[in-house]
Ligand SMILES: Nc1ncnc2c1ncn2[C@@H]1O[C@H](COP(=O)(O)OP(=O)(O)O)[C@@H](O)[C@H]1O
Ligand SMILES: [Mg+2]
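In UniProt numbering, the protein residues as written are 1 to 408.
In structure tokens, the structure reads:
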């Protein structure tokens, strides 16, 4: 009795549960007729419970004949095997809508088909439908975001690539400009050297002969005059002295413009002479280690090295307060190493950071323009060293020096 009472109460309760469920529930029998069609199904299919009951489910959803949906129901009824129809494989098979009057937004569905065995003869099947639109939307939104993210990453990587290309281009331009500037500097130095050489020749040929002729004439006149007019004799002697000084000055100027030493005696002897003279004047102890093979270097290389030596020695004399200066010249088959080092006070921080150091810049330019390396190493209190490396074209180490300069 008690059990019966209980069962009587559970019927309406089940119905209420079915109405309240936020799930679609369809129960069909072996001939696929609908035995249960809950409220949710009516709401989303637009087919009322009364219309649906006792009709074959494939009549209500004619589009589903022969589909995986029908096969899954048959499988549950005959083989008692459950099935799940996922969105990705069976895209929303039932014509269910949020609002069936407006058939635009078909619900995204997850469908479970479950066998229900009442007795050995009577088999049923429960079709359970849930609305996964919200999850689907979330997934779609996530996918959209992932795509956006991917796009922006790709855009960023494209931008980085462009930036790198731009940088490479700038690098190339800087290298090209630097090469052009070096070429220009070399050209200007060559032009300057050629002009100095031309001027030196003119000073020697023109001014030299005028001064010499004047001295010969004046000294002839002085001899002729004898002691007869001592005041004039005195004046003539002063003119002669002035002329001698002018001739010497002309020689010094020519020497500065075109290192006659270099063209007459070659690099090694010119360096020995120039450094020796400076050492005498400044009281330096002089260390010379000059490779004799360097005597016959090409003219432009000899001149570049000689000019570097002149500037480095002049700087040592002007600023270093050194007691010792060393020159080292070493010739390898394909390069030259040249060093001028003093043991003086070294460069001050201020001097090192001064941008307008034309002497040092000039040395650097001469070397770099010929494809070499220039380095200035200076430690306060420990002296200054100019270091040069110049590449030699094959065979240039034995090339003869330039034609001898005219005498003056
Ligand atoms: N051997 C050296 N010892 C100490 N200071 C030096 C030496 N050589 C150069 N300097 C410093 O570096 C500066 C720049 O030298 P440089 O470019 O030759 O220009 P400038 O000789 O016309 O001043 C000098 O003014 C000096 O202060
Ligand atoms: Mg200088």
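Just so it is clear, CB atoms sit at the ideal spot from N, CA and C, and this is done for glycine as well.
For a quick check, are the C-beta atoms of residue i and residue j less than 8 Å apart?
i           : j           : result
residue 386 : residue 339 : yes
residue 77  : residue 123 : yes
residue 259 : residue 275 : no
residue 307 : residue 366 : yes
residue 248 : residue 267 : no
residue 94  : residue 61  : yes
residue 71  : residue 85  : no
residue 344 : residue 384 : yes
residue 304 : residue 185 : no
residue 18  : residue 36  : yes
residue 323 : residue 285 : yes
residue 250 : residue 203 : yes
residue 409 : residue 302 : Only positions 1 to 408 of the chain appear in the structure, and residue 409 is not among them; the question remains open.
residue 27  : residue 126 : yes
residue 309 : residue 325 : no
residue 363 : residue 312 : yes
Taking residue i as the reference, give the member of the options with the closest Cα.
i           : options            : result
residue 99  : 128, 145, 46, 370  : 46
residue 217 : 227, 275, 243      : 243
residue 456 : 380, 392, 170      : In this structure the chain extends from 1 to 408, so residue 456 is not present and cannot be described.
residue 137 : 106, 158, 65       : 106
residue 351 : 379, 282, 111, 127 : 379
residue 452 : 264, 254, 67       : With the chain covering only 1 through 408, there is no way to say anything about residue 452.
residue 39  : 14, 31, 29         : 14
residue 315 : 361, 337, 287, 333 : 361
residue 49  : 335, 34, 337       : 34
residue 332 : 309, 347, 292      : 292
residue 59  : 79, 81, 31         : 31
residue 189 : 346, 354, 300      : 300
Quick one: give me the first and last residue of the alpha helix (DSSP H) that residue i is part of.
i           : result
residue 350 : 349–353
residue 411 : Outside the displayed span of the chain (1 to 408) sits residue 411, for which this structure offers no information.
residue 302 : 299–315
residue 74  : 68–79
residue 55  : Segment: none, residue 55 is in no alpha helix (DSSP H) and carries neither H nor E.
residue 267 : 267–282
What three-state label does DSSP hand residue i in the structure shown?
i           : result
residue 109 : strand
residue 132 : coil
residue 400 : Low confidence applies here, because residue 400 scores a pLDDT of 41, under 50, leaving its location unreliable and the question unanswered by this model.
residue 122 : coil
residue 61  : coil
residue 2   : Bear in mind that the predicted position of residue 2 carries a pLDDT of just 48, short of 50, making it unreliable; the figure below should be weighed with that in mind. It is helical.
residue 287 : strand
residue 9   : helix
residue 186 : helix
residue 406 : Confidence at residue 406 is low in this model, with a pLDDT of 43, below 50, so its placement is unreliable and the value that follows should be read with caution. Reduced to three states, the DSSP call for residue 406 is coil.
residue 328 : strand
residue 409 : The requested residue 409 is not part of the displayed model; the chain covers only 1 to 408.
residue 210 : helix
residue 143 : helix
residue 177 : helix
residue 31  : coil
residue 127 : strand
Between which two residues does the beta strand (DSSP E) harbouring residue i extend?
i           : result
residue 386 : 384–391
residue 335 : 335–342
residue 85  : 83–85
residue 26  : 24–28
residue 96  : No beta strand (DSSP E) contains residue 96, which DSSP labels as neither H nor E.
For the 8 Å Cβ check, are there 3 or more pairs between the stretch 118–133 and the stretch 90–110?
-> Taking 8 Å as the limit for Cβ pairs, the verdict is that the stretch 90–110 does touch the stretch 118–133.
Counting Cβ pairs closer than 8 Å, one from the stretch 281–292 and one from the stretch 211–231, do we hit at least three?
-> Between the stretch 281–292 and the stretch 211–231 there are fewer than three C-beta pairs closer than 8 Å, too few to call the two in contact.
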